[in-house]
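This report concerns only the one structure given below.
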Amino acid sequence: SPLEQQLKDLESFQVIAHRGASGHAPESTMVAYELAHEWKVDYLELDAQLTADGEVVVFHDDAIDRTSDGEGKINDYTLEELKALDTGSWFNEANADKADADFSGAQILTLNELFERFGDDARYYIETKSPQLNPGLEEALVETLEEYEMVENGRVLVQSFEQDSLLKVQQLNDDIPLIQLVWYYPSEEDETRLVEWTGVTPGPAEISDEDFQTVAEYAAGIGTNYIYEGQEVIDADFIHQAQENGLSVHVYTINETDEMERLMEMGANGLFTNYPDRLLKLVE
Ligand code: G3P
Ligand code: CA
């Protein structure tokens with residue numbers, strides 16, 4: 003079945019366009035996804051959030067200030083209000099060398115619009131972003147996935163830093179392949195590293211086989227960072243240990259070619275990148 007094929011594909015290397023081809027065009031806009039799709043990436047990565055009137059939109063930050071001409075929390079606005087914003091011009095101002103007049107006026111994107119545009123001709127790697135700020139997000143997301151038959155067609159992965167959010171998604175539809183995101187960072191108190199992976203209290207960095215197996219009970223893989231403040235926070239052993247426990251390992255967000263090469267050699271199953279063109283060159 004298409005879903006079995008998708009799970010099989012997860013064993014090989016996956017190119018994941020982070021917020022679209024967001025190194026080249028304004029993140030999370032149609033033009034960024036158009037580029038990534040044209041380049042034939044394996045997954046279009048996106049962050050899902052809810053508007054004040056319950057629409058699922060593609061947007062990373064909790065606030066609209068950085069990537070639009072508005073200000074305030076995204077959840078305080080209706081879709082109609084958000085649609086009036088310009089989510090492209092900030093990119094031209096921040097990246098003079100990549101500026102394109104066509105980016106100006108780019109509208110905030112809904113999940114429906116993305117599915118209408120690419121349908122079954124793409125795969126989608128969807129993060130339930132800030133679940134506490136977006137109550138009802140899991141229900142609205144799964145409803146949309148079912149409406150477009152994305153799950154049985156092997157088109158979607160759902161990722162989250164919050165274990166609870168993933169378990170909620172699983173309760174709503176237990177066929178959806180899930181990815182547990184984790185985040186490693188150095189401890190402020192001592193030389194150790196900490197890992198945050200359930201949205202609860204941070205714990206020590208060493209994930210035991212038992213922890214990996216707990217994750218493997220509900221997830222197909224794990225998504226992790228690689229370098230934090232110049233320090234490598236995962237290594238080849240970590241990747242192999244996760245894989246031995248039945249989990250694919252995807253690493254975010256890798257934009258430099260030398261890091262891409264290193265992680266491929268370490269055996270990562272895929273990378274999130276703002277520059278999928280660079281990664282596709284290495285995969286060829
Ligand atoms: O979803 C993987 C990676 O995107 C997580 O970090 O902040 O870019 O959503 P963030
Ligand atoms: Ca994300």
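Residue numbers for the sequence shown follow mature numbering (1 follows the signal peptide of the UniProt record, and there is no 0), so the first one is 3 and each next one is one higher. For glycine and all other residues, C-beta sits at the position ideal for the given N, C-alpha and C.
Residue i bridges to which residues according to DSSP?
i: residue 18; result: 45, 274
i: residue 252; result: 225, 272
i: residue 111; result: 60
i: residue 183; result: 225
i: residue 233; result: 230
Quick check on residue i: buried or exposed, where buried means 16 or more other Cβ atoms within 10 Å of its Cβ?
i: residue 202; result: Any reading at residue 202 must be qualified, since the residue scores a pLDDT of 45, below 50, and its modelled position is unreliable; no value is offered.
i: residue 259; result: exposed
i: residue 14; result: exposed
i: residue 96; result: exposed
i: residue 131; result: buried
i: residue 50; result: buried
i: residue 238; result: exposed
i: residue 284; result: exposed
i: residue 70; result: buried
i: residue 226; result: buried
i: residue 18; result: buried
Quick one, which of the options has its alpha-carbon nearest residue i's?
i: residue 167; options: 21, 143, 259; result: 143
i: residue 261; options: 274, 250, 249; result: 274
i: residue 104; options: 80, 88, 271; result: 88
i: residue 286; options: 43, 26, 172; result: 43
i: residue 279; options: 21, 12, 41, 34; result: 41
i: residue 152; options: 90, 36, 127, 60; result: 127
i: residue 6; options: 253, 179, 243; result: 179
i: residue 272; options: 135, 241, 247; result: 241
i: residue 254; options: 171, 219, 161; result: 161
i: residue 266; options: 277, 147, 281; result: 281
i: residue 233; options: 186, 147, 77; result: 186
Starting from residue i, trace the alpha helix (DSSP H) in both directions and tell me its first and last residue.
i: residue 241; result: 238-246
i: residue 159; result: Looking at the DSSP string, residue 159 is not in any alpha helix (DSSP H); the run it does join, the beta strand (DSSP E), is 158-162.
i: residue 216; result: 211-220
i: residue 145; result: 139-149
i: residue 259; result: 259-267
i: residue 170; result: 165-174
What residue range does the beta strand (DSSP E) around residue i cover?
i: residue 6; result: Segment 4-11 is the alpha helix (DSSP H) holding residue 6; no beta strand (DSSP E) there.
i: residue 178; result: Careful: residue 178 lies outside any beta strand (DSSP E) and carries neither H nor E.
i: residue 129; result: 126-130
Can you list, in chain order, the stretches of the alpha helix (DSSP H) that have 4 or more residues and sit fully within the segment 41-100? 81-85, 91-96
Ligand 3: which residues have Cβ under 5 Å from any of its heavy atoms, chain order? Ligands present in the displayed structure are limited to ligand 1 and ligand 2, and ligand 3 is not among them.
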